[in-house]
Amino acid sequence: MAKTKTAFFCQNCGTQYAKWVGQCSACKEWNTVVEEVIQKEEKTSWKANTTTVSKIAKPLRVNEISTDKELRLNTFDLEFNRVLGGGLVPGALVLLGGEPGVGKSTLLLQIALKLPYRTLYVSGEESQKQIKMRADRILPNSETCFILTETKTQNIFRQIEATEPDIVVIDSIQTLHSDYIESAAGSISQVRECTAELIKFAKETNTPVILIGHITKDGSIAGPKILEHMVDTVLQFEGDRNYVYRILRALKNRFGSTAELGIYEMQGGGLRQVNNPSEILISKNDEGLSGTAIASTVEGMRPLMIEIQALVSTAVYGTPQRSTTGYNAKRLNMLLAVLEKRAGFKLGAKDVFLNITGGISVDDPAIDLAVIAAILSSNEDIPIEKGVCFAAEVGLAGEIRPVQRVDQRISEAEKLGFTSIYVSKNNKITLKNTKIEIHLVSEIEDMVSALFG
Ligand code: TYD
Ligand code: MG
1 MAKTKTAFFC QNCGTQYAKW VGQCSACKEW NTVVEEVIQK EEKTSWKANT TTVSKIAKPL
61 RVNEISTDKE LRLNTFDLEF NRVLGGGLVP GALVLLGGEP GVGKSTLLLQ IALKLPYRTL
121 YVSGEESQKQ IKMRADRILP NSETCFILTE TKTQNIFRQI EATEPDIVVI DSIQTLHSDY
181 IESAAGSISQ VRECTAELIK FAKETNTPVI LIGHITKDGS IAGPKILEHM VDTVLQFEGD
241 RNYVYRILRA LKNRFGSTAE LGIYEMQGGG LRQVNNPSEI LISKNDEGLS GTAIASTVEG
301 MRPLMIEIQA LVSTAVYGTP QRSTTGYNAK RLNMLLAVLE KRAGFKLGAK DVFLNITGGI
361 SVDDPAIDLA VIAAILSSNE DIPIEKGVCF AAEVGLAGEI RPVQRVDQRI SEAEKLGFTS
421 IYVSKNNKIT LKNTKIEIHL VSEIEDMVSA LFG
């Protein structure tokens with residue numbers, strides 16, 4: 001019998017130790033190091049019953065390498081294609097992470113159902129019946145999508161050989177286990193081994209594999225950060241469960257830009273692609289309400305118009321409250337301090353609540369000016385005129401600073417029917433023939449006198 005080998009792994013960051021330690025020296029977490037069995041057996045290839053025929057790769061000149069095979073597979077989902085950089089690359093391993101219930105399984109099942117290629121959807125979490133029930137809500141009749149409930153990689157590969165799918169989806173990597181490793185499913189060494197086997201399969205057969213990965217409380221993809229290094233693309237699906245909007249972004253992409261963004265809306269029959277997000281993020285009330293301002297922001301490469309609501313009221317308790325949804329609370333405090341010190345607004349004894357509507361969170365500094373406008377509008381109880389929007393950062397000296405991609409922001413505002421936009425005087429605008437009125441401001445006072453007279 002082969003001698004069992006063990007090693008110690010930090011369950012938080014995946015660092016390997018030769019012996020047990022109380023604190024992981026890499027991530028400084030206490031009590032996360034656990035012994036795992038790593039049985040070093042002679043490994044066969046991913047194919048279950050053939051022994052490895054090792055093909056030896058030869059180096060090729062760059063210009064000799066043919067690229068005609070690198071065509072991308074269209075996923076028939078505009079948002080998903082865009083985030084991937086134009087479709088799935090054959091042989092690529094894509095990891096989709098997200099909090100429980102955000103809709104990862106729904107998204108991939110939906111894509112699998114709509115694809116005209118043979119797809120194999122392997123689930124270790126739900127039974128075939130449960131998946132069928134879900135599929136019925138999305139798209140009842142699909143002839144090319146196969147569902148398999150299995151958690152052992154060797155069995156999965158056997159089924160893959162029988163089905164010969166063009167795309168494989170694994171839901172989720174944490175439920176898989178391989179015979180070559182003895183530790184429990186979801187442990188670092190299992191996850192690493194199963195991913196390695198899948199990578200080998202993907203690269204040898206040129207089949208793209210999409211993995212679902214769970215996310216830990218701190219937002220990283222479950223414990224093993226190593227997974228992120230192994231795969232070609234890491235996508236993150238995020239959004240507040242209480243709202244219907246979901247954002248898909250690429251954290252890493254070997255075959256495309258990470259600046260792209262996909263937006264979906266969760267509906268009764270699955271996820272709907274949202275091609276013009278600005279329209280849904282702005283509420284359509286005609287009467288002017290004080291305390292709301294529209295910012296022109298850029299998320300990834302996409303311009304987005306978002307609505308910011310502020311409520312300023314006299315503090316009932318001694319310490320005024322500051323609370324934000326979708327915006328950095330420290331940044332709000334900074335802007336309030338700037339308003340107090342540089343523009344003379346006494347907000348020190350007021351409660352300030354700030355909310356970005358639609359349940360999305362934004363960290364683009366270009367929304368600063370809209371935040372200030374919303375706060376002042378609520379404080380003065382004067383609504384901001386319809387058709388006005390903002391795109392500028394505010395500095396500590398109360399100066400209004402330029403932002404990147406100002407032209408794109410202005411065009412988006414114009415496209416959506418805004419009539420005027422406030423930007424920094426120092427922004428270089430190269431746009432011509434714009435109908436939207438561009439107000440150039442350099443200090444908060446300029447904006448205050450223009451808006452509230
Ligand atoms: P799910 O894909 O199971 O999330 P994950 O795999 O990321 O854990 O989706 C969970 C939520 O999506 C669930 O709470 C119900 C909702 N949902 C809809 O609103 N409409 C639908 O058509 C489907 C399939 C799910
Ligand atoms: Mg799921």
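The sequence shown: position 285 = 285 (UniProt numbering), numbered continuously.
Beta carbons: idealized from backbone N, C-alpha and C, even for Gly.
Because the structure is a prediction, the values reported are computed rather than measured.
- Taking 8 Å as the cut-off, the Cβ atoms of residue 273 and residue 78 count as close.
- Residue side-chain check: residue 129 keeps its Cβ at 7 Å or more from all non-hydrogen atoms of ligand 1.
- Beta-carbon to beta-carbon, residue 33 and residue 10 are separated by about 5 Å, close enough to satisfy the 8 Å threshold.
- For residue 383, the secondary structure class from DSSP, reduced to helix, strand or coil, is coil.
- Residue nearest to residue 239 within the set 361, 320, 295 and 198 is 361 (criterion: CA-CA distance).
- The C-beta separation of residue 270 from residue 138 comes to about 4 Å, placing the pair in contact by the 8 Å criterion.
- Counting C-beta atoms within 10 angstroms of its own C-beta, residue 23 has fewer than 16 neighbours from the protein chains shown and is therefore classed as exposed.
- For the pair residue 261 and residue 80, the CB atoms are not nearer than the 8 Å cut-off.
- For residue 146, the secondary structure class from DSSP, reduced to helix, strand or coil, is strand.
- If you check the CB distance, residue 124 and residue 237 do not come in under 8 Å.
- Assigned with DSSP and collapsed to three states, residue 118 falls in coil, not helix or strand.
- The stretch 418-425 and the stretch 306-318 do not touch, with fewer than 3 CB-CB distances between them shorter than 8 Å.
- In terms of Cβ geometry, residue 403 and residue 391 form a close pair [threshold 8 Å].
- Counting other Cβ atoms within 10 Å of its Cβ, residue 370 reaches 16 or more and is therefore classed as buried.
- Residue 256 sits away from residue 91, with the two beta carbons spaced by 8 Å or more.
- Membership of residue 309 in the beta strand (DSSP E) is indicated by the continuous run 302-314.
- Per DSSP, reduced to three states, the secondary structure at residue 258 is coil, with no helix or strand assignment.
- Partner residues in the beta bridge of residue 30, as assigned by DSSP, are 23.
- For residue 289 and residue 251, the gap between their C-alpha atoms comes out near 38 Å.
- Every beta strand (DSSP E) stretch that sits fully inside the UniProt domain "RecA family profile 1" (69-215) and reaches 3 residues is listed by chain position as 93-98, 119-123, 145-149, 167-171 and 209-214.
- Distance from the C-beta of residue 266 to the nearest heavy atom of ligand 1 is below 7 Å.
- Its Cα nearest to that of residue 303, the residue 411 stands out among 339, 411, 387 and 140.
- Closest in alpha carbon position to residue 214, among 245, 282, 100 and 134, is 100.
- Between residue 320 and residue 350 the beta-carbon gap is near 6 Å, inside 8 Å, which marks them as a contact.
- Closest by C-alpha distance to residue 295, out of 268, 384 and 323, is 384.
- When distances are taken from the beta-carbon of residue 142 to the heavy atoms of ligand 1, even the shortest one reaches 7 Å or more.
- Around the C-beta of residue 356, 16 or more other C-beta atoms lie within 10 Å, and the residue is accordingly described as buried.
- When secondary structure is reduced to three states using DSSP, residue 333 falls in the helix class.
- Taking 8 Å as the cut-off, the beta carbon of residue 343 is found no closer than this to the beta carbon of residue 293.
- Beta bridge pairing from DSSP links residue 270 with 267.
- Collapsing the DSSP output to three states places residue 322 in a strand.
- A residue is listed when its beta-carbon falls short of 5 Å from at least one non-hydrogen atom of ligand 1; in chain order these are 100, 101, 102, 103, 104, 105, 106, 134, 137, 266 and 270.
- The beta-carbon distance between residue 147 and residue 131, rounded to whole angstroms, is 5 Å. This is short enough to meet the 8 Å contact definition.
- Closest by C-alpha distance to residue 168, out of 189, 155, 193 and 202, is 202.
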